[in-house]
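A.B. asks: Quick one: structure below, then a few questions.
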Amino acid sequence: MSTAIDNLTKAMERAAAIRPKVGGFPYLAESLRQAGVTLNVWSLPACQSLFLTDQGPVVMQGTPLVSGSIDVPTFDQEALITALRIDQAGKSTFPEFLEATWRAGVVRYKVDFAARSVAYLGCNGETYVEAYPSVEIS
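Note that the sequence shown covers residues 0 to 137 in numbering that gives the first Met the number 0.
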């Protein structure tokens with residue numbers, strides 16, 4: 000295992016131990032930021048996640064949401080915001096969040112840890128950006 004993977008894994012484990020069920024994403028994000036992660040890019044429906052870190056890039060391959068050929072859902076900002084609010088309220092699992100985000104037409108999202116923002120992207124250039132709050136963890 001590389002230093003970058005080890006560092007990323009430890010930051011994720013740390014975040015899992017401290018994050019609250021409701022509103023937990025900022026704690027994960029801050030843990031990753033403190034560990035030197037600058038950007039995280041998720042590709043849907045492949046569920047591939049690319050982390051750019053101070054110690055090198057790391058890719059994680061999750062279980063894809065679909066297989067074979069499938070039409071890409073139309074970007075639906077209202078459905079996306081609903082999925083975000085459900086997740087932020089602690090009423091969905093991460094896989095459920097990814098599925099709802101995909102159904103809302105998101106093909107990629109980018110977490111910018113310095114800017115504390117997430118940009119959700121559709122396949123035709125649609126974009127929805129949402130900031131997340133700063134939290135302090137030690």
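A virtual CB, placed ideally from N, CA and C, is assigned to each residue, including glycine. Values in this document were obtained by computation on a predicted structure and should not be read as measured data.
#1: Starting from GLN47, follow the beta strand (DSSP E) in both directions and report where the run begins and ends.
#2: What whole-angstrom Cβ distance do PHE93 and VAL36 have, given they're in contact under 8 Å?
#3: What does the alpha-carbon distance come out to for the pair VAL58 and LEU64?
#4: What does LYS20 pair with, by DSSP beta-bridge criteria?
#5: Going by DSSP in three states, TYR119 sits in which element: helix, strand or coil?
#6: Just reading off the alpha helix (DSSP H) that LEU138 is part of, what are its end residues?
#7: Under the DSSP definition of a beta bridge, which residues are partnered with GLN60?
C.D. replies: Let's see:
#1: Within the sequence shown, numbered from 1, the residue matching residue 47 stands at position 48. Taken as a continuous stretch (DSSP letters only), the beta strand (DSSP E) holding GLN47 covers 47-52.
#2: Start at 1 with the first residue of the sequence shown, and residue 93 comes out as number 94. Start at 1 with the first residue of the sequence shown, and residue 36 comes out as number 37. Incorrect: roughly 17 Å between the Cβ atoms, too far for contact.
#3: As a first step, residue 58 must be located in the sequence shown, where it is residue number 59. As a first step, residue 64 must be located in the sequence shown, where it is residue number 65. One C-alpha to the other measures close to 17 Å.
#4: As a first step, residue 20 must be located in the sequence shown, where it is residue number 21. DSSP lists no partner for LYS20.
#5: Working through the sequence shown from its first residue, we reach residue 119 at position 120. Here TYR119 sits in strand by DSSP.
#6: Residue coverage of the chain in this structure runs from 0 to 137, which leaves residue 138 outside it and unanswerable.
#7: By one-based count along the sequence shown, residue 60 stands at place 61. GLN60 is bridged to GLN47.
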